[in-house]
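Residue numbers (this note's numbering), protein chains in the order written: chain A, 7 to 151; chain B, 7 to 151. All C-beta atoms in this analysis are idealised placements derived from N, C-alpha and C, irrespective of residue type, glycine included.
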DNA sequence: ACTAAATAGTGGACAAAAGCCACCATTCTG
DNA sequence: CAGAATGGTGGCTTTTGTCCACTATTTAGT
């Protein structure tokens with residue numbers, strides 16, 4: 007078991023890391039999207055989540071809020087709604103070509119942000135960083151394919 | 007240099023970790039504080055930041071917003087303002103005895119949350135986790151005492 | 001097959017969180 | 001000593017998020 011000083015260090019790290027990532031990533035890069043809108047688009051493009059309920063669960067957002075965000079994106083021709091073939095209560099969402107362009111843009115800039123974050127490190131240090139992330143990932147989020 | 011797949015894994019981790027910590031930590035445990043208020047109290051208790059400007063910088067909050075949060079905490083006798091001896095523009099903040107109790111409570115529960123997060127791991131895995139956090143910490147936040 | 005519970009989505013109303021701007025007072029800098 | 005920078009505050013607005021109620025469908029139990 008870890009002692010209190012160690013727990014404290016973990017919490018310190020957590021606070022700092024969250025703030026740092028928040029600052030870095032809350033940018034939406036000339037896409038005219040708000041940050042929550044961009045989160046939806048990124049999840050759709052990256053993980054191919056295509057129902058409102060999946061998105062709201064993944065992003066931990068209220069489903070009515072999610073519904074409104076989707077509505078905003080639909081009205082801007084970034085995503086489209088289609089009826090679900092398997093569940094009449096549900097809908098399938100799809101990025102439009104415009105939406106996909108926006109996703110590509112967000113995705114590319116996000117990659118650049120991470121690279122910038124690591125740009126002060128040597129290649130060896132970057133690998134060390136990556137390995138540590140993998141370690142934490144498998145320990146904390148074990149149920150991943 | 008890391009390749010795109012690795013960058014992608016890091017970003018995946020970042021997103022998940024931020025969401026997880028957000029969910030876990032946004033609780034203020036019967037303290038009747040809002041989350042931003044609690045953040046201020048924790049920073050004060052933990053790092054002894056005692057001016058509004060330090061707090062706003064550390065938490066990355068707008069200074070007018072910070073000012074309002076402080077006002078709320080003062081009105082609830084959780085912190086007090088005192089004139090600064092060294093800079094007449096500034097103020098010193100201090101937790102009242104009540105405020106300190108609240109801090110202790112928040113702090114203890116936050117520790118328990120981290121412990122709960124790690125409770126599914128063996129002691130060896132917990133140590134592995136801690137080491138990985140330390141690695142990332144020193145790589146990303148090198149300028150720490 | 002039938003009913004009750006659970007689930008997906010929506011909208012109204014509202015609260016919480018945060019940002020922008022202008023301003024004052026003080027301190028720092030050249 | 002003038003001008004720039006800094007710390008703090010308040011007005012005002014926007015963004016973000018929550019709660020609740022409701023409809024339509026699907027699932028589970030019997």
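Cα-Cα separation between residue i and residue j, rounded to whole angstroms
i: residue 151 of chain A; j: residue 9 of chain B; result: Annotation note: pLDDT 45 at residue 151 of chain A (below 50); position unreliable, no value reported.
i: residue 123 of chain A; j: residue 93 of chain A; result: 43 Å
i: residue 27 of chain A; j: residue 126 of chain B; result: 26 Å
i: residue 132 of chain B; j: residue 144 of chain B; result: 18 Å
i: residue 89 of chain A; j: residue 67 of chain A; result: 22 Å
i: residue 20 of chain B; j: residue 72 of chain A; result: 21 Å
i: residue 2 of chain A; j: residue 103 of chain A; result: Outside the displayed range of chain A (7 to 151) lies residue 2 of chain A, so it cannot be described from this structure.
i: residue 43 of chain A; j: residue 91 of chain B; result: 47 Å
i: residue 119 of chain B; j: residue 115 of chain A; result: 33 Å
i: residue 12 of chain B; j: residue 30 of chain A; result: 18 Å
i: residue 34 of chain A; j: residue 46 of chain A; result: 12 Å
i: residue 39 of chain A; j: residue 106 of chain A; result: 13 Å
i: residue 70 of chain A; j: residue 99 of chain A; result: 16 Å
i: residue 16 of chain A; j: residue 7 of chain B; result: 27 Å
i: residue 57 of chain B; j: residue 25 of chain B; result: 29 Å
i: residue 112 of chain A; j: residue 55 of chain A; result: 17 Å
i: residue 146 of chain B; j: residue 85 of chain B; result: 33 Å
i: residue 18 of chain B; j: residue 137 of chain A; result: 14 Å
i: residue 65 of chain A; j: residue 14 of chain B; result: 17 Å
i: residue 59 of chain A; j: residue 50 of chain A; result: 12 Å
i: residue 121 of chain B; j: residue 63 of chain B; result: 28 Å
Where residue i meets chain B, residues with beta-carbon distance less than 8 Å
i: residue 17 of chain A; result: 116, 117, 120
i: residue 66 of chain A; result: 25, 28, 29
Listed by chain order, chain B residues near residue i by CB distance under 9 Å
i: residue 141 of chain A; result: 134, 135, 137, 138, 141
Contacts that residue i makes with chain A (C-beta to C-beta distance below 7 Å)
i: residue 147 of chain B; result: 22
Residue i: contacting residues in chain A (beta-carbon distance under 8 Å)
i: residue 12 of chain B; result: 136
Within chain A, partners of residue i - CB distance below 9 Å
i: residue 8 of chain B; result: 120, 121, 124, 129, 132, 133, 135, 136
Residue i, enclosing beta strand (DSSP E) - first and last residue
i: residue 95 of chain B; result: That residue, residue 95 of chain B, is in no beta strand (DSSP E); it is neither H nor E in DSSP.
i: residue 87 of chain A; result: 85-89
Continuous alpha helix (DSSP H) stretch holding residue i: start and end
i: residue 103 of chain B; result: 103-124
i: residue 147 of chain B; result: Taken as a continuous stretch (DSSP letters only), residue 147 of chain B belongs to no alpha helix (DSSP H), as it is neither H nor E.
Exercise. Identify each residue in the segment 30-58 of chain B for which the Cβ-Cβ distance to at least one residue of chain A is less than 7 Å, and report them in chain order.
Key: Within the segment 30-58 of chain B, no residue has a Cβ that lies closer than 7 Å to any Cβ of chain A.
Quiz item: If you measure beta-carbon to beta-carbon, which residues of the segment 127-139 of chain A are closer than 7 Å to chain B?
Solution: 127, 129, 131, 132, 134, 135, 136, 138, 139
Self-check item: In chain order, each alpha helix (DSSP H) run of at least 4 residues that lies wholly inside the segment 13-89 of chain B
Solution: 41-53, 58-65, 69-81
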